[in-house]
Amino acid sequence: QVGSAKDSFAFKVMHSGDTLFVAAQVIDDHLVRQNSVGGSLWRDDGVEIWIDSLNDADYFSNLPNNPGCYQFNIAPALKDGPADQVVYRNPTWNDRSMPEVIAQSHIQPNGYTLEVKIPLSALRGSAVPKNPELIGFNISVCDSDPVNGSNEWRHLLWQGTHEWDAEEW
C-alpha cells in the first residue's frame, strides 16, 4: 500500500503472456473529476500506468523518446462503468488513444477501483523484445483535492522518485 490513511492505493498486476492486467484500489477522501479529457486527464483523480514494453530504457532511450515506453492515464467515471483513458509519452502515438486497452471503474464510498486490460502486442508493434516475459512497469495515483477554492494536486508513486524515468523502475 502506498500513501497515508487519508489518500492511498494498493494494486495487483498479472499477465497471461500477451496481456497485462492491472487492478488498483484507491482510497481518496475527495473524488475529483472536472470533465478533463485527453491530455488533461492528469489534472483529475486517476491512476497512471507506466510501461517499458521492450524493457530497454536507458539514459539515452527513455520516456518520451523510446517507442516501447508508454504512460497511461486512467480516470474513474463518476459512476460504475468504462473509465476515461489516454496514452502519453510515446513518440509514435499521435492520437493518444488505444482502443485495445479496456478500463473499468467502480466507485466506492471511500474512493474507487480501476481494472485495466492492456494487450502487450499493441504496445510492442513490430518490435521484438529481448525477453518477451520481462517489461518495465510502474504505477502511480494522481490525487486532486479541493483546497481553498482551487485544487491541490499530488502524486503517489510506487517506484522511484520520477515516475517518467523508466531507469528507476
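Residue 4 is where the sequence shown starts when you use this note's numbering, and the numbers rise one by one after that. Each residue gets a CB set at the ideal place from its N, CA and C atoms; glycine is no exception.
* Is Ser43 buried or exposed, if buried means 16 or more other CB atoms sit within 10 Å of its CB? -> Around the beta carbon of Ser43, a 10 Å sphere encloses fewer than 16 other beta carbons of the protein chains shown; the residue is thus reported as exposed.
* Kindly indicate which three-state DSSP category Glu103 falls into: helix, strand or coil? => coil
* Asked: Looking at the structure shown, is Ser108 part of a helix, part of a strand, or coil, going by DSSP?
  -> strand
* Endpoints, the beta strand (DSSP E) within which Leu81 is located -> That residue, Leu81, is in no beta strand (DSSP E); it is neither H nor E in DSSP.
* Inspect the CB distances between the stretch 152-171 and the stretch 53-71 and report whether three or more fall short of 8 angstroms. => yes
* Asked: With a CB to CB cut of under 7 angstroms and the five nearest residues on each side skipped, what residues in its chain are close to Leu137?
  -> Asn58
* With respect to the beta strand (DSSP E) encompassing Ser124, which residues constitute its N-terminal and C-terminal limits? -> Counting along the chain, Ser124 falls outside any beta strand (DSSP E), though it belongs to the alpha helix (DSSP H) covering Leu123 to Arg127.
* With DSSP run on the structure shown, which of helix, strand or coil describes Arg36? -> coil
* In whole angstroms, what is the alpha-carbon distance linking Ser19 and Asp148? -> 36 angstroms
* Quick one: Cα of Asn134 to Cα of Ser56, how far? -> 10 angstroms
* Can you say whether Leu159 is buried or exposed, counting buried as having 16 or more other CB atoms within 10 angstroms of its CB? => Leu159 should be labelled buried.
* Among the residues of its own chain, which have a CB less than 7 angstroms from the CB of Arg127, if the five just before and after it don't count? -> Ser56, Leu57 and Gly71
* Would you mind giving the Cβ-Cβ distance between Pro243 and Glu103, rounded to the nearest angstrom? I have them listed as a contact below 8 angstroms. => The question about residue 243 has no answer here: the residues shown for the chain are numbered 4 through 172.
* To do: With a threshold of 16 other CB atoms inside 10 Å of the CB of Glu155, please say whether the residue is buried or exposed.
  => exposed
* Keeping to the same chain, check which residues put their C-beta closer than 8 angstroms to that of Thr22; ignore five residues upstream and five downstream. => Lys120, Ile121, Pro122 and Leu123
* Which word fits Val131, buried or exposed, when buried means at least 16 other C-beta atoms lie within 10 angstroms of its C-beta? -> exposed
* DSSP three-state assignment for Ala92, whether helix, strand or coil -> Just to set this straight, residue 92 is Arg in the shown sequence, not Ala. Three-state DSSP puts Arg92 in coil, outside helix and strand.
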